[in-house]
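First comes the structure, then the notes that go with it.
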Amino acid sequence: MRTSSLYLLACAETVLSASLGESINFEKRQLGGLIGGLTNAGYGKVADPPGHAPRKEELKSPMSIPGVTIKRVKIRAGPYKVPDMGTKSVTGHSGMLESYYDPTVQKPCDGDCSILQQVGGLEYTNGTNANIDTGMWLHHMVHFNTGARRWDPVGRDWTICLPHLGFGSSPSRSERYFVTGNERTPFHYYREADKTAYHLDPADKFTYLVELMNMNMAPQTVYVTMTYDIIEGALPTGWKEIKTVFLDADSCRTSEVRPPKEKGSFDISSKPWKPSVEGKIIDAIGHLHDGGVGLDIKATTSGPFCSFDAKYSEKPEYVFRGMDMKGDKTAKDHISSMAGCSTPQDYKVPMMSKSQSWTIKGSYDYDKKEGNLEGGKQSEVMAIAILLVAVPPGPLKPV
Ligand SMILES: [Cu+2]
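Residues -17 to -1, 1 to 382, numbered by mature numbering (1 follows the signal peptide of the UniProt record, and there is no 0), are exactly what the sequence shown covers, in order.
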């Protein structure tokens, strides 16, 4: 796995530079991140420790739909050992499990099932919540699904899509269908007005890309949790499926952008994207890093879709109370939710169609909100927006 990641990355770089003729300026960090196995030597997935919380748990679902049985299933993946704050990775990051791929992740069902909603989390091995107040932080994770019906609507436009390539796949057979940062925004594949779900086939395969932070002076071992509300068996008759659209200011690279400024405000934007899927928009999710204030999504050059506002420290678990190390300074307040674009009532454009051209813009302002410093400099930032689109059931072709 280690050798193959390295090999793939080397190939990717060569092909990219040769085929695009564009100067692909990989930073040390980006290179290192993709060679997850090497960079994280000695850390990453370890065996379950004694007394660990169950790897799969059935809970009572808070959802109800007449005539349908809904199960809540919580899956704990890992556990992942994260280096302590005093340990620097080869790319110079302290206390970070960096762009680490887990190719064997359990699904919420073994056969067919339809996911109605999904939310990620981070827990210590005894099942207690892990967050910034205890120095642990779910920097981000990307959830891939690989299978016969899977393709990535945005990734397919790129000659090389590094997040897929990093585990030996491609956007023609895998899709990024879920993502979460530490704000842990749920994905609603189902809305009461819309009979939609993300349907899993028995042969689908899950892969995670995880990046975890540890602000403690001892290594920590944590599970990435995924809580699903599902209907077992075939997709109910008359329902539609969901296709996830992953818009990103650094699409098909590492999603991480070097901030152009150390102080004050700036924006980072995505390239325009022409839809390859059409249908009603069921949910929208936004992700920024600390220092971020807002995220605008546009469906056409003139037409706003909606805007997110970043909310900080709405719960005490999002307040950092630990100590800082040399040039590494963790912000006190962290993004705890993204507000303003959470339900279809907020959307100015109800449908996605191929006549549109979508862009996103993440706005940062370090004078208003503190970023996280690494070696005295602002750490990398992101702007990601996810749209969940209702599509016909069964195999789907790009429009
Ligand atoms: Cu992120």
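Quick reminder that beta carbons are idealized off the backbone N, C-alpha and C, glycines included.
> For residue 300, does the three-state DSSP call read helix, strand or coil?
Replying inline: Position 317 of the sequence shown holds residue 300. Residue state, collapsed to three classes: helix.
>> With a threshold of 8 Å between beta carbons, is residue 373 in contact with chain C?
In response: The structure shown contains no chain C; it holds only a single protein chain.
> Do residue 124 and residue 65 have their CB atoms nearer than 8 Å?
Replying inline: Along the sequence shown, read from residue 1 onward, the residue named residue 124 stands at position 141. Along the sequence shown, read from residue 1 onward, the residue named residue 65 stands at position 82. Going by C-beta atoms, residue 124 is not nearer than 8 Å to residue 65.
> Since residue 195 sits in a beta bridge, which residues does DSSP pair it with?
Replying inline: Mapped onto the sequence shown, residue 195 falls at position 212. Note: residue 195 sits in a beta bridge opposite 80, 121.
> Would you call residue 306 buried or exposed, if buried means 16 or more other Cβ atoms sit within 10 Å of its Cβ?
Replying inline: Numbered from 1 along the sequence shown, position 323 holds the residue referred to as residue 306. Exposed is the call here.
>> So, at 7 Å on beta carbons, what are the nonlocal neighbours of residue 118 in its own chain, with the 5 sequence-adjacent residues on each side left out?
In response: For the purposes of this step, residue 118 is identified with residue 135 of the sequence shown, where counting begins at 1. The residues are 197, 198, 199, 305.
> Under the three-state reduction of DSSP, which class applies to residue 171: helix, strand or coil?
Replying inline: Here residue 171 refers to the residue found at position 188 when the sequence shown is read from its first residue. Here residue 171 sits in strand by DSSP.
>> Excluding the 5 residues flanking residue 339 on each side, which residues of the same chain have their C-beta closer than 7 Å to its C-beta?
In response: As a working note, residue 339 is residue 356 in the sequence shown. Cβ neighbours of residue 339 beyond the five flanking positions: 258, 282, 283.
> Is the Cβ-Cβ distance between residue 156 and residue 327 less than 8 Å?
Replying inline: The residue you call residue 156 lines up with position 173 of the sequence shown. The residue you call residue 327 lines up with position 344 of the sequence shown. Going by C-beta atoms, residue 156 is not nearer than 8 Å to residue 327.
> Tell me which same chain residues have a C-beta within less than 7 Å of the C-beta of residue -4, skipping the five on either side of it?
Replying inline: In the sequence shown, the residue the question calls residue -4 occupies position 14. Residue confidence for residue -4 is low, a pLDDT of 41 falling below 50, so the modelled location carries little weight; the figure read from the coordinates is stated next. If we look at residue -4 and ignore the five residues flanking it on each side, it has no Cβ neighbours.
> Under a Cβ-count criterion, where at least 16 other Cβ atoms within 10 Å of its own Cβ denotes burial, should residue 87 be classed as buried or exposed?
Replying inline: Position 104 of the sequence shown, counted from the first residue, corresponds to residue 87. Around the beta carbon of residue 87, fewer than 16 other beta carbons lie within 10 angstroms, which makes this residue exposed.
> What do you get for residue 217, buried or exposed, if any count of 16 or more other CB atoms within 10 angstroms of its CB means buried?
Replying inline: Within the sequence shown, residue 217 is the residue found at index 234, counting from 1. Exposed is the call here.
> Are residue 160 and residue 60 close, meaning C-beta to C-beta below 8 Å?
Replying inline: By 1-based counting over the sequence shown, the position of residue 160 is 177. By 1-based counting over the sequence shown, the position of residue 60 is 77. No, the Cβ-Cβ distance between residue 160 and residue 60 is not below 8 Å.
> In whole angstroms, what is the alpha-carbon distance linking residue 148 and residue 82?
Replying inline: Along the sequence shown, read from residue 1 onward, the residue named residue 148 stands at position 165. Along the sequence shown, read from residue 1 onward, the residue named residue 82 stands at position 99. For residue 148 and residue 82, the distance between alpha carbons rounds to 13 Å.
> Say the cut is 7 Å; is the CB of residue 104 nearer than that to a heavy atom of ligand 1?
Replying inline: The residue you call residue 104 lines up with position 121 of the sequence shown. Within 7 Å of the C-beta of residue 104 there is not a single heavy atom belonging to ligand 1.
> So what does residue 368 bridge to, in DSSP terms?
Replying inline: Position 385 of the sequence shown, counted from the start, is the residue given in the question as residue 368. According to DSSP, which records beta bridges pairwise, residue 368 is partnered with 230, 269.
>> Need the endpoints of the alpha helix (DSSP H) that residue 147 sits in, please.
In response: As a first step, residue 147 must be located in the sequence shown, where it is residue number 164. Note, residue 147: alpha helix (DSSP H), 145 to 148.
> Which residues in the same chain have their Cβ closer than 8 Å to the Cβ of residue 100, if we skip the five residues on either side of it in sequence?
Replying inline: Walking along the sequence shown from the start, residue 100 turns up at place 117. For residue 100, where only same-chain residues beyond five positions count, the Cβ hits under 8 Å are 46, 169, 170, 171, 172, 173, 211, 212.
>> Applying the 10 Å Cβ sphere with the 16-neighbour rule, what's the burial state of residue 129?
In response: The sequence position of residue 129 within the sequence shown is 146, counting from 1. Counting every other CB atom within 10 Å of its CB across the protein chains shown gives residue 129 a total of 16 or more, marking it as buried.
> Any chance the CB of residue 365 is under 7 Å from a heavy atom of ligand 1?
Replying inline: The count along the sequence shown starts at 1 and reaches residue 365 at position 382. Residue 365: yes, Cβ under 7 Å from ligand 1.
>> I'd like to know whether the C-beta atoms of residue 288 and residue 323 end up nearer to each other than 8 Å.
In response: Here the question's residue 288 lines up with position 305 in the sequence shown. Here the question's residue 323 lines up with position 340 in the sequence shown. Their beta carbons are not under 8 Å apart, which means residue 288 does not touch residue 323 by this criterion.
>> Considering only their Cβ atoms, is the gap separating residue 245 from residue 446 smaller than 8 Å?
In response: Nothing about residue 446 can be reported from this structure: the residues present for the chain run from -17 to 382 only.
>> Taking the straight line between their C-alpha atoms, what separation do you get for residue 121 and residue 108?
In response: Taking the first residue of the sequence shown as 1, we reach residue 121 at position 138. Taking the first residue of the sequence shown as 1, we reach residue 108 at position 125. The C-alpha of residue 108 is placed about 15 Å away from the C-alpha of residue 121.
> What do you reckon, are the CB atoms on residue 301 and residue 115 nearer than 8 Å?
Replying inline: By one-based count along the sequence shown, residue 301 stands at place 318. By one-based count along the sequence shown, residue 115 stands at place 132. Yes, they are a contact pair.
> By DSSP, does residue 115 sit in helix, in strand, or in coil?
Replying inline: Indexing the sequence shown from 1 puts residue 115 at position 132. Residue 115: helix per DSSP, three-state reduction.
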